[in-house]
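Chemist: Chains U and P, in that order, are what the protein sequence lines are.
Going by our numbering, the first residue of the first sequence is number 1, and it counts up by one from there.
Going by our numbering, the first residue of the second sequence is number 604, and it counts up by one from there.
Cβ coordinates follow ideal geometry from the N, Cα and C atoms, glycine included.
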Amino acid sequence: MGAVPLTRSRPWQAGEPGQAAQVITWLVAAAGLLAGAAVAWIVSHGGPDRIGVPNLPLAVPVVVLVGWSFIGSGLLYWWSRPGNHIAAVLIFQGFAWFASMLPDSHNPVLFTIGQAVYPFQYASGLYLILSFPSGRLQGRLDRALVAVAVALVTLGNWAWLLFADSHRMMCHTCPANLLELTRDDAAVVDVFYVLRFGGIVIALTSIGLLATRWRRASRAQRHAVMPVAVAGVVAFAALIAAYVARVAGMSSPTVFDSFAFYASAAVPVAVLAVLIQRRLARGAVAGLVVELGGPGQAGDPREALSRALGDPSLALGYWFAAESRYVDRNGGPVEFPGAGSGRSSTVVERDGQPVAVLIHDAALDDNARLVQSVGAAAGLALENERLQAELRARLVELQASRARLVEATDAERRRIERDLHDGTQQRLVSIAMSLGLADAKLPAAGAEAKPIVAQTREELAAALAELRDLTQGIYPTILTERGLGAALDELCGRAAITAHLRLFLDGRLPAPVETAAYYVVSEALTNAAKHSRASAVRVAATCADGLLTVEIADDGVGGAGAGAGRGSGLRGLADRVDALGGRLTVSSPPGQGTTLRMELPCG
Amino acid sequence: MRVVVADDAVLLREGLARLLVEAGFEVAGLASDGSELLELVERARPDVAIVDIRMPPTHTDEGLQAAKQIRARWPRTGILVLSQHVHAGYALELLSAGTDGVGYLLKERVSDLAELAASVQRVGAGGSVLDPAVVSQLVSRRRQDDDPVTKLTGREREVLALMAEGRSNKAIAEQLFVSEYTVEKHVGNIFTTLRLPPSPDDHRRVLAVVAFLNAQ
Chain U
1 MGAVPLTRSR
11 PWQAGEPGQA
21 AQVITWLVAA
31 AGLLAGAAVA
41 WIVSHGGPDR
51 IGVPNLPLAV
61 PVVVLVGWSF
71 IGSGLLYWWS
81 RPGNHIAAVL
91 IFQGFAWFAS
101 MLPDSHNPVL
111 FTIGQAVYPF
121 QYASGLYLIL
131 SFPSGRLQGR
141 LDRALVAVAV
151 ALVTLGNWAW
161 LLFADSHRMM
171 CHTCPANLLE
181 LTRDDAAVVD
191 VFYVLRFGGI
201 VIALTSIGLL
211 ATRWRRASRA
221 QRHAVMPVAV
231 AGVVAFAALI
241 AAYVARVAGM
251 SSPTVFDSFA
261 FYASAAVPVA
271 VLAVLIQRRL
281 ARGAVAGLVV
291 ELGGPGQAGD
301 PREALSRALG
311 DPSLALGYWF
321 AAESRYVDRN
331 GGPVEFPGAG
341 SGRSSTVVER
351 DGQPVAVLIH
361 DAALDDNARL
371 VQSVGAAAGL
381 ALENERLQAE
391 LRARLVELQA
401 SRARLVEATD
411 AERRRIERDL
421 HDGTQQRLVS
431 IAMSLGLADA
441 KLPAAGAEAK
451 PIVAQTREEL
461 AAALAELRDL
471 TQGIYPTILT
481 ERGLGAALDE
491 LCGRAAITAH
501 LRLFLDGRLP
511 APVETAAYYV
521 VSEALTNAAK
531 HSRASAVRVA
541 ATCADGLLTV
551 EIADDGVGGA
561 GAGAGRGSGL
571 RGLADRVDAL
581 GGRLTVSSPP
591 GQGTTLRMEL
601 PCG
Chain P
604 MRVVVADDAV
614 LLREGLARLL
624 VEAGFEVAGL
634 ASDGSELLEL
644 VERARPDVAI
654 VDIRMPPTHT
664 DEGLQAAKQI
674 RARWPRTGIL
684 VLSQHVHAGY
694 ALELLSAGTD
704 GVGYLLKERV
714 SDLAELAASV
724 QRVGAGGSVL
734 DPAVVSQLVS
744 RRRQDDDPVT
754 KLTGREREVL
764 ALMAEGRSNK
774 AIAEQLFVSE
784 YTVEKHVGNI
794 FTTLRLPPSP
804 DDHRRVLAVV
814 AFLNAQ
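1. Would Val520(U) and Cys492(U) qualify as a contact pair, given that the criterion is a beta-carbon distance under 9 Å?
2. With DSSP collapsed to three states, give me the class of Thr680(P).
3. Determine, for Glu490(U), whether the minimum Cβ-Cβ distance to residues of chain P falls below 9 Å.
4. So which residues of chain U does Glu768(P) contact, with C-beta pairs closer than 7 Å?
5. Determine which residues share a DSSP beta bridge with Gly706(P) and list them.
6. Measure the C-alpha to C-alpha separation of Val713(P) and Leu622(P) and round it to an integer number of angstroms.
7. Any beta carbon of chain U sitting closer than 9 Å to that of Leu614(P)?
8. For Thr595(U), which of Leu525(U), Asp545(U) and Ala579(U) has the nearest alpha-carbon?
9. Please confirm if Leu309(U) has its CB atom under 9 Å from at least one CB of chain P.
10. How long is the line joining the alpha carbons of Leu619(P) and Gln426(U), rounded to whole angstroms?
11. Going by DSSP, what residue range makes up the alpha helix (DSSP H) through His85(U)?
12. As an exercise, report each continuous beta strand (DSSP E) stretch of at least 3 residues that is fully enclosed by the stretch 544-599 of chain U, in chain order.
13. Who are the Cβ neighbours of Val606(P) in its own chain at under 8 Å, not counting the five residues just before and after it?
14. What is the residue span of the beta strand (DSSP E) that Tyr193(U) lies within?
15. Quick check: Asp311(U) and Ala220(U), are their CB atoms within less than 9 Å of each other?
16. Ser430(U) touches chain P at which residues, Cβ-Cβ below 7 Å?
17. At a Cβ threshold of 9 Å, is Val644(P) touching chain U?
18. Only counting the same chain, and skipping five residues up and downstream in sequence, which positions put a Cβ closer than 6 Å to that of Arg616(P)?
19. Determine whether the Cβ of Ala609(P) lies closer than 9 Å to any Cβ atom of chain U.
20. When DSSP labels each residue in this structure, what does Leu525(U) get in the three-state scheme?
21. Under 7 Å Cβ-Cβ, which residues of chain U neighbour Leu622(P)?
22. Which bits of chain U does Ala691(P) rub up against, with CB to CB less than 7 Å?
23. At a CB-CB cut-off below 8 Å, which residues of chain P make contact with Glu481(U)?
24. Can you tell me whether DSSP reads Val539(U) as helix, strand or coil?
25. Hey, quick one: how far does the alpha helix (DSSP H) through Glu759(P) stretch, first residue to last?
26. Do you know how far the Cα of His688(P) is from the Cα of Ala536(U)?
27. Is it right to say Gly156(U) is buried, meaning 16 or more other beta carbons lie within 10 angstroms of its own, or is it exposed?
28. Label Glu459(U) either buried or exposed according to how many other C-beta atoms from any shown protein chain fall within 10 Å of its C-beta, with 16 as the threshold for buried.
29. Run the CB neighbour count on Ser78(U), radius 10 Å, all protein chains shown included, and call it buried at 16 or more, exposed below.
30. Within 10 Å of its beta-carbon, does Asp715(P) have 16 or more other beta-carbons around it, so buried, or fewer, so exposed?
31. Which of the residues in the stretch 440-469 of chain U, read from start to end, lie with their CB under 7 Å from any CB of chain P?
32. Less than 9 Å between CB atoms is the rule here; does Val654(P) satisfy it with respect to chain U?
33. When you measure from the CB of Arg482(U) to every non-hydrogen atom of the ligand GTP, does any distance come out below 8 Å?
34. CB Ser313(U) to CB Arg350(U), shorter than 9 Å?
35. Taking C-beta pairs closer than 8 Å, name the residues in chain U that Leu716(P) reaches, listed in chain order.
36. Taking all protein chains shown into account, do 16 or more other C-beta atoms lie within 10 angstroms of the C-beta of Trp160(U), making it buried, or fewer, making it exposed?
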């Protein structure tokens, strides 16, 4: 797990923008209003063949509203999320849009300035659509496209103006082009083709780029950019159509020009739509508070949070304070998303302490405020859930530590068995050899010693047999070598009581499972032989559907559990089985035999 | 008779070699693990290889695996496996490819030099030897209710166990303090119950018993 990202609430989220920001906002708003009014006047007083705005129905109100909505959306973004570049881009776009209407002025200075800045709105529009909603360009291709567009609308456009005669190249009623150095119609036409060709290439590449991005986008990402992306593609397509129509020699203005004009008006509408959509999403937070705060509300708050955020992939992690890490609802570990995984995380805090982490679609990063408010609204429900998750995490830990203990015990038993085998057993066998050799070499005269040697030999054999039983009791080597089936077969074979074995096992099981099953059967057989007065025991081991079931049933007197001294061995085994996530039950009604049943996950 | 000894414990390896020399065998070489044993058998071509089951590197059943390979590659080399444990299953694994020249004894049987020598001799001559402890485990265990072994009387099982050790009727009679005629009657009943045709040959009796035990 990587470092835990701690997203503390940022100062700007707490209060309103500062005084300077308010002044700037009002200034920009006033400038926007003024610019809109001025442009409306210029356009409505433009000549019959005006070039800034085509002569179309409602052209003047559309021009003004489009400009104002760009500036207005920009200011709204700036208020709600300062630091997001998109606000600046939108405001710039609004003023560039108004500036592009200046060529309709009869004043040569305004006309020339309008001609010089006329295409700026294309470059900023491109930036807007490609960078929406973060306001940052995402890749090298984006940046290259914008750079080329900026070069075309500045240097390319200005180069064109240096040689363009306004009456010849723009319109008959246009004022003089003050930037004209020398009239060169051929150069103007050449530059013009370069500009148009560049424009078409940029528009086509952008459509391709948006389409690719769309295909790769998550649901939440699509949700966030859909209106703007669609409007952008339409606007690009319209621009291409208009250019192609011009290049094909259609008389100006064409129907495609009208289309392009209205299509560019769609972009600010889309931007506004996204803004409104976000406002609505924040309204969902109120619903969330009601939903999670309701009486009797229990269980997983994920569903409600996921609905409020519109992110079905939302995952929750809860703060496990004791280990300074996050755990899931069941106490399992939580993976934090890596950089570039398309996922992101937001920490929810209460009273300065982390409560939970929301792991959500990275698209929601652009709406961090919504995520924060959703998290805050769900705070109490998350805190409750966190306490439960912490409890479960502790249980998971406990279970793991018990399993480790069992494994450590087994490892220790294996070591003792090995030490006995390599040490004591071998020494005793070696002594047995020497004894055999001595016996063989005893002269006939030593006949009196023969019985002593023979008796020693028998004692030694008995000692070895006891040691053998002891070592196998400590750790049955056959279990590691041949598995549970063979080990149980042998166990039943040498049991002090007749044992019928039925095996339904397929292949090997995990070592701790085999060991636990072996000890349970071994203990049960010993108990049956000692206490049950049974004539026979039935042992069955079945592994099916990931569960190993071992049953040991005798036909003895029953009533086990009441008898003293029987409990401790079984209790230890029950602990062992429990530590591995299984259970051990004893059923021993008086007079009806004893049945031991062990169930252990085996897959 | 030429023998080789494989055991990872130097004390037991050397001790066993001394015993065998004492008993009149020619010890053609010693090995301390499975692969060494295979090389040794290939080189020395002994009559009998005496093999410890638990050897390096795995310290599990290396010796048994080596023994099975020897059985497959040099069928004329007898195998006498020595074990510190009574693993009837291992004995059956060893016998599953045939009972000629195979033996399985507990290690502590080395304290009786005469019996050890007899066992090596028998394995070397193509016979088979099973430790009484192993045989009693094989015979005493029951698997299913329809197992014919369950139909044998206690006495018949005792006789079968002794037969499995390769003893003659005379030896069994001495062991059980009964007449040889009684033993013959028991043997006849055993064969009838187990549906095995009787045979006068000691070795074939073992084979039959083992085949029966092995078939389960």
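Modeler: To lay it out plainly:
1. Going by C-beta atoms, Val520(U) is not nearer than 9 Å to Cys492(U).
2. Coil at Thr680(P), not helix or strand.
3. Interface residue, yes.
4. What Glu768(P) touches in chain U: nothing, since even the nearest Cβ is about 16 Å away.
5. In DSSP, Gly706(P) forms a bridge with Leu683(P) and Val732(P).
6. Distance between the alpha carbons of Val713(P) and Leu622(P): 8 Å.
7. Judged by the 9 Å Cβ criterion, Leu614(P) is in contact with chain U.
8. Of the candidates Leu525(U), Asp545(U) and Ala579(U), the residue whose Cα lies closest to the Cα of Thr595(U) is Leu525(U).
9. It does not: the Cβ of Leu309(U) has no partner Cβ on chain P nearer than 9 Å.
10. Between Leu619(P) and Gln426(U), the C-alpha separation is close to 12 Å.
11. Looking at the DSSP string, the run of the alpha helix (DSSP H) that includes His85(U) is His85 to Ala99.
12. The beta strand (DSSP E) runs lying completely inside the stretch 544-599 of chain U and spanning 3 residues or more are 547-554 and 583-587, given in chain order.
13. Excluding residues within five positions, the ones whose Cβ falls inside 8 Å are Leu623, Phe628, Glu629, Val630, Ala631, Pro649, Asp650, Val651, Ala652, Ile653, Val723 and Gly727.
14. For Tyr193(U), there is no enclosing beta strand (DSSP E); the enclosing alpha helix (DSSP H) covers residues Asp185 to Arg216.
15. Cβ distance < 9 Å, so Asp311(U) and Ala220(U) count as in contact.
16. Taking the beta carbon of Ser430(U) as reference, the chain P residues within 7 Å of it are Leu614, Leu615 and Gly618, listed in sequence order.
17. Nearest CB-CB separation between Val644(P) and chain U: not below the 9 Å threshold.
18. Closer than 6 Å at Cβ, skipping near neighbours: Val608, Asp610 and Leu633.
19. Closer than 9 Å: no.
20. Of the three classes helix, strand and coil, the one that applies to Leu525(U) here is helix, per DSSP.
21. Within chain U, the residues near Leu622(P) are Met433, Gly436 and Leu437.
22. Neighbours of Ala691(P) in chain U, taken as residues whose beta carbon is under 7 Å from its own, are Glu490 and Gly493 in chain order.
23. The contacting residues are Thr663 and Asp664.
24. Residue state, collapsed to three classes: strand.
25. Unbroken alpha helix (DSSP H) run through Glu759(P): Gly757 to Ala767.
26. For Ala536(U) and His688(P), the distance between alpha carbons rounds to 25 Å.
27. In summary, Gly156(U) is buried, with 16 or more beta-carbon neighbours lying within 10 Å of its beta-carbon over all protein chains present.
28. Burial check for Glu459(U): the Cβ neighbour count within 10 Å stays below 16, so the residue is exposed.
29. First, the residue type needs correcting, since residue 78(U) is Trp and not Ser in the sequence shown. Its Cβ being crowded by 16 or more others within 10 Å, Trp78(U) is buried.
30. Here Asp715(P) is buried. Its C-beta has 16 or more other C-beta atoms within 10 Å.
31. Within the stretch 440-469 of chain U, the qualifying residues are Ala440, Arg457, Leu460, Ala461, Leu464 and Arg468.
32. Chain U places no beta carbon closer than 9 Å to that of Val654(P), leaving this residue out of the contacts.
33. Questions concerning the ligand GTP fall outside what the structure shown contains, since it holds no ligand whatsoever.
34. The criterion of a C-beta distance shorter than 9 Å is not satisfied by Ser313(U) and Arg350(U).
35. Against Leu716(P), the close residues of chain U are Gly436, Leu437, Asp439 and Ala440, in the order they occur along the chain (beta-carbon pairs closer than 8 Å).
36. Label assigned to Trp160(U): buried.
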